[in-house]
Amino acid sequence: MQAFTHYTPTEIVFGKASEDKVAELAKKYHGSRVFVVYGGGSVVKSGLLERVTGTLEAAGLKVETIGGVKPNPRLDFAREAVKKAIEFQADLILAVGGGSVIDTAKAVSHGAANPDTDIWEFWSRKKKVEKTLPVGVILTLAAAGSETSDSAVLTNTEIQVKRGLSTDLNRPEFAIMNPELTYSLPAYQTAAGGVDIFSHVAERYFTLEPDCGFTDRLCEATMKTVIGCLPEVLSHPQEYAGRAEIMWTGTIAHNGILGVGRSEDWGSHMLGHEITAFYGLTHGATLSIIIPNWMEYVYKTDVTRFVKYAVNVWNVENNMDHPEKTALEGIRRTRDFFRSVGMPVTLEEAGIDGDRIEEMAENCTKYGPVGGFVTLRKEDCMAIYEKSK
Ligand code: NZQ
Ligand code: ZN
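Quick note, the sequence shown lines up with residues 1220 to 1608 if you use my numbering.
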């Protein structure tokens, strides 16, 4: 196990009616002027936004709102939101929504705390975030893990780049997590979220570090929970137990705990981000296509680890004479699972013809090779996209 620092400071308030605590939490984190960010309207339709702003105002807090964050959130919208937050003199940014809303709120918090800096300077690594405003979250979608993660992903449509920024200043102060708020999710978003959660673990499970058995087991338990609960949730979307398991799994998958003491990969996410940047495909759908193809492309690098994955996560019987067969069976089951929850497993199934593979591979490796488990250069990325057709 490698040396590590684990820092996950977000206060999590989980359970039914937890959103009622929003004013108390906002005050605890020094909020008096709360700038609320939300998406395309699901929280208006459900009445959540009105309840939240009402609770804040009733507690004497000043509130301003901005709606309209689109999935795969855009830089230009975040810039507008920054201006509005500065005008309002916001001292706390509250995200009410899924990963796209939370990531926008994180961008707004950095922009409002640094009014002389264009926020893309942070995402393009020209400047480091040194100060920010506190962020609170009311989560409505179990997927990205942004409610506690150190990352925020924005798309710059001018240059067709989707990029993540990782910094501990991206960690929200508090996250309110009521599984009931996810009952209204369409099946596709629920499944895409499940695939994203699974992928956050896979990106960490496939590591070069051999001595991390405890964390491996935590990863395996997390993946098995998604495999067990996601079909349940899809059949019974209004049942608390399954929604709660998936919501908590989503946080654990991406708060950093499953990556301690080991190298991580993230090549599949990078490949997936290009598909979204070029074709606008939902994040989870890019991963249901890429992850099994990435696995088939790289498994020979460490067949033993893929055998462990097949046996411990998918209960594949270990073929001692032919370990490669065991490994490939685990990958086959991964793809079948993604397909069984209604997600695409080829570019074609997602309505993408794949004629921009070279451009995607070029962009993916623009800042150098990607992937920590296996290093992918442009030709590797092209080969994985080709396989994914
Ligand atoms: O915009 P509204 O109307 O709210 O609808 C949203 C949106 O259309 C809808 N939705 C959310 N909660 C709902 C609901 N519909 C009905 N009922 C509810 N309770 O779901 C749609 C998708 O929302 P979005 O926030 O885009 O989804 P998700 O949470 O999957 O976030 C995806 C974004 O997060 C990034 C992705 O790249 C993508 O941009 N990621 C962020 C990460 C991070 N910050 O740590 C890590 C991830 O790997 C990921 O890259
Ligand atoms: Zn993801």
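For each residue, glycine too, the CB sits at the ideal point set by N, CA and C.
The alpha carbon of Lys1443 has as its nearest neighbour, out of Met1489, Asn1582, Gly1469, Leu1384, the alpha carbon of Gly1469. In this structure, Asn1389 and Lys1325 form a Cβ contact; the two beta carbons are roughly 5 Å apart against a cut-off of 8 Å. Thr1359 has its Cβ nearer than 7 Å to a heavy atom of the ligand NZQ. Within the same chain, Cβ atoms closer than 8 Å to the Cβ of Gly1260 are found at Gly1286, the five residues on either side in sequence being excluded.
Between Val1232 and Val1256 a beta carbon distance of about 19 Å is seen, past the 8 Å cut, so the two are scored as non-contacting. Residue side-chain check: Asp1415 places its Cβ nearer than 7 Å to a non-hydrogen atom of the ligand ZN. Residue range 1393-1396 is occupied by the beta strand (DSSP E) that includes Met1396. In this structure, DSSP gives Lys1264 a helical state, which the three-state scheme calls helix. A distance below 7 Å between beta-carbons, with the five flanking residues on each side excluded, links Gly1413 to the following residues of its chain, in chain order: Val1445, Leu1449, Ile1465, Val1560. Taken through DSSP and simplified to helix, strand or coil, Phe1592 comes out as coil. Proximity of the segment 1579-1587 to the segment 1410-1427 falls short of the contact definition, fewer than three beta-carbon pairs being nearer than 8 Å. By the neighbour-count definition (other C-beta atoms within 10 Å, threshold 16), Arg1554 is a buried residue.
Residue nearest to Gly1475 within the set Tyr1424, Ala1277, Tyr1248 is Tyr1424 (criterion: CA-CA distance).
The Cβ atoms of Thr1441 and Ile1471 lie closer than 8 Å to each other.
In summary, Ala1304 is buried, with 16 or more beta-carbon neighbours lying within 10 Å of its beta-carbon over all protein chains present. Fewer than three pairs of CB atoms, one per stretch, sit closer than 8 Å, so the segment 1306-1313 makes no contact with the segment 1486-1505. In terms of side-chain proximity, the C-beta atom of His1541 is found no nearer than 7 Å to any non-hydrogen atom of the ligand ZN. According to the DSSP assignment, Asn1375 belongs to the beta strand (DSSP E) that extends over 1370-1375. Where Tyr1407 is concerned, the enclosing alpha helix (DSSP H) starts and stops at 1406-1424. Each residue's CA atom was taken as its position, placing Ile1378 and Ser1328 some 23 Å apart.
For Val1256, the uninterrupted beta strand (DSSP E) run begins and ends at 1252-1257, by DSSP. By the C-beta criterion, the segment 1358-1371 is judged not to be in contact with the segment 1330-1338, since fewer than 3 inter-stretch pairs fall below 8 Å.
With a cut-off of 7 Å, the C-beta of His1455 is classified as distant from the ligand ZN, since no heavy atom of the ligand falls inside that distance. No beta strand (DSSP E) of 3 residues or more sits fully in the segment 1482-1508. Only residues of its own chain outside the window of five on either side were considered, and among them Pro1563, Val1564, Thr1565, Leu1566, Ala1569, Ser1607 have a CB closer than 7 Å to the CB of Ile1508, listed in chain order. Taking a 10 Å sphere around the C-beta of Thr1409, we find 16 or more other C-beta atoms and assign the residue as buried.
Ser1385 is classed as exposed because its beta carbon has fewer than 16 other beta carbons within 10 Å across all chains shown. For Asn1534, the shortest separation between its Cβ and any heavy atom of the ligand NZQ does not lie below 7 Å. Shown here, Glu1428 sits in coil according to DSSP, grouped into three states, outside any helix or strand. Here the distance from the Cβ of Pro1398 to the nearest heavy atom of the ligand NZQ is not below 7 Å. Distance from the CA of Ser1482 to the CA of Ala1278, rounded to the nearest whole angstrom, comes to 45 Å. Within the same chain, and ignoring the five residues on either side of Glu1428 in sequence, the residues whose Cβ sits closer than 8 Å to its Cβ are Met1220, Gln1221, Gly1480, Arg1481, Ser1482. The ligand ZN approaches Ala1363 closely enough that one of its heavy atoms is under 7 Å from the residue's Cβ.
According to DSSP, residue pairing for Leu1384 in a beta bridge involves Ala1371.
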